[in-house]
Structure formats: C-alpha cells, structure tokens
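The C-terminal position of the sequence shown is numbered 541 in this note's numbering, with every residue numbered one higher than the one before it.
Each residue gets a CB set at the ideal place from its N, CA and C atoms; glycine is no exception.
None of these values were measured; they are calculated from a predicted model.
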Amino acid sequence: MQDTVVIIPTYNEIENIEAIIKAVFSQSDNIHILIVDDNSPDLTALKVKALQEEFPNRLFLEIRKEKEGLGTAYIHGFNWCLNKTYQYIFEMDADFSHNPKDLIKLYKACKDDGADLAIGSRYINNTVNVVNWDMKRLLMSYLASKYVRVITGMRIHDTTAGFVCYKRTVLETIDLSKIKFIGYAFQIEMKFKAYLKAFKIIEVPVIFTDRTKGESKLSSGIISEAVFGVISMKLKSLFKK
301 MQDTVVIIPT
311 YNEIENIEAI
321 IKAVFSQSDN
331 IHILIVDDNS
341 PDLTALKVKA
351 LQEEFPNRLF
361 LEIRKEKEGL
371 GTAYIHGFNW
381 CLNKTYQYIF
391 EMDADFSHNP
401 KDLIKLYKAC
411 KDDGADLAIG
421 SRYINNTVNV
431 VNWDMKRLLM
441 SYLASKYVRV
451 ITGMRIHDTT
461 AGFVCYKRTV
471 LETIDLSKIK
481 FIGYAFQIEM
491 KFKAYLKAFK
501 IIEVPVIFTD
511 RTKGESKLSS
521 GIISEAVFGV
531 ISMKLKSLFK
541 K
C-alpha cells in the first residue's frame, strides 16, 4: 500500500484514537495517517502528538481552531495531501465503525481493478451490513441512500458512505473550493462530483459497526442538510448543463 494516506477527522475521540492509529498502521508499513483534529476539548490532539514519537514520518497532525464540520475537515485534509505525493487518499472514521482490515480491499479496487473512487459499501448486493444500529437509524440511512440515488441518478447503493479511497486525480479534478456541504451531505456531494466527471466508481462490500466508545456526531441539522441539499445539488447540475 505505497503512496497511501488515511485521513481521520477527530473531535473528542480520546477513547479511540490510539487504538485506531495502531490498527491502521498494522495493515501495512507503508500507510501514512493524517489526523485532522478540531481542537478537541478532550485533548485528542495531545495524544496524537505523543504517538508521533512512536510513528515518526508516518503519523501527521493538523489542528484546526474549532469544530467546523466533517466536510471542511476532509477538504483541509485533501489539500494537505495534494501538496504531498500521495496517490491513494482515504477517508475513515476514528471510532472503528470502519474496519481497518478493509483498507486493503478499497486500495486493491483502485490499484488493481481500475476504480478512481472505491466506496466501502454497507448496502450492496441486496444486503444490509450494519451492526449495532437500532432499526430507526438503519432505516433512515438505508432510505437516505435510496433517496439520493433516485434524485441524482447515481448508480451507487451507499451514497452516504464515509469509508472511501480516492485516486489522486479525482481530488485534483474536482474543484474542492466549491464543495458546499459540511455534514454527511459532504459525502454525497463528493460522490456526485466524481460521478459527473465520469470517474469509475466501484463499491466494495464492508461491514459497518457502530461505535462502542465516544459519542456520535449525527444531528438533525446534518440530516436536514443531506435531505434538502441533494435536491439543490441536482438542480444546479441541470442548470450547468
């Protein structure tokens, strides 16, 4: 997994951060990690700094002034990575909802199978691979992906997935300065931009396991942004055509 970096955005992930970093590094000696921390009050960044002594030249840290949203954290990370030489750039959560062992699957989808964007999909092949979610949240997520697929026309089953691998060229082609959404709708917008640019997108089946430590960042505002933002995003794309 050479030329690979995993971006992990954090806010109050002190309970998970050391374990997730070590789990990712255990997958390959060539993987690098970039933590983008929003000045966590629980001192997540301080723990990362201590771990940098154990993993010099592999573990990197960017600290932002305050909590500004998932999307802006990833954009910050993307820009940092594009100033380096990485060819494969991952998005991954800090809470073990994404299994580090699946990193190699997404990498191979890009490296060997020709994907420009590989998605760790929870809802492919007519199955629902989610563990520890209640029925309400599961239905909300599943139906949201269906809704997005209908509105946008994307042939993607898990449109809200946050476990992905981009080839460098995708992030270089998309104008990151024009990405508007900051919550989970950011994941939809990035996929839609890649879809409009005709990049090859492959979904790779993974099992999503809800966090057991720390608190979820999902809120009603984030859900509203996703529901109404998708329509706006689709309409704008039609007017551009």
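#### Entry: Neighbourhood of Cys381 by C-beta, 6 Å cutoff - its chain only, sequence neighbours within 5 removed
Excluding sequence positions up to five before and after Cys381, its CB lies within less than 6 Å of the CB of Val305, Ile389, all in the same chain and listed in chain order.
### Message
For Ala409 and Asp303, I'd like the C-alpha separation in whole angstroms.
### Response
Rounded to whole angstroms, the gap between the alpha carbons of Ala409 and Asp303 is 15 Å.
### Message
I'd like to know whether the C-beta atoms of Lys467 and Asp510 end up nearer to each other than 7 Å.
### Response
No.
### Task
Determine, using beta carbons only, whether Glu362 and Val464 come nearer to each other than 7 Å.
Judged by their CB atoms, Glu362 and Val464 are not nearer to each other than the 7 Å cut-off.
#### Entry: Length of the line joining the Cα atoms of Tyr386 and Thr344
Their backbone Cα atoms lie some 25 Å apart in a straight line.
### Message
Give me the residue from Ile482, Ser537, Gly462 with the minimum Cα distance to Leu406.
### Response
The shortest C-alpha separation from Leu406 is found at Gly462.
### Task
Pull up the distance between the alpha-carbon of His332 and that of Ile507, whole angstroms please.
Taking the straight line joining both Cα atoms gives about 23 Å.
#### Entry: Closest Cα partner of Ile501 within the set Phe396, Leu334, Asp413
The shortest C-alpha separation from Ile501 is found at Asp413.
### Task
Assess, as a yes-or-no matter, whether the segment 449-459 is touched by the segment 473-486 under the definition of 3 or more beta carbon pairs within less than 8 Å.
Because the criterion of three Cβ pairs below 8 Å is not met, the segment 473-486 and the segment 449-459 do not touch.
### Query
Does the separation of the CB atoms of Ile335 and Thr310 fall below 7 Å?
Contact annotation: Ile335 and Thr310 have beta-carbon atoms nearer than 7 Å.
### Task
Use the C-beta contact count for Thr469: other C-beta atoms within 10 angstroms, 16 or more gives buried, fewer gives exposed.
By the neighbour-count rule (16 or more Cβ atoms within 10 Å), Thr469 is not buried but exposed.
### Query
Gly420 to Leu439, Cα distance in whole Å?
Distance between the alpha carbons of Gly420 and Leu439 is about 18 Å.
### Message
So for Glu472, helix, strand or coil by DSSP?
### Response
In this structure, Glu472 counts as helix in the three-state DSSP scheme.
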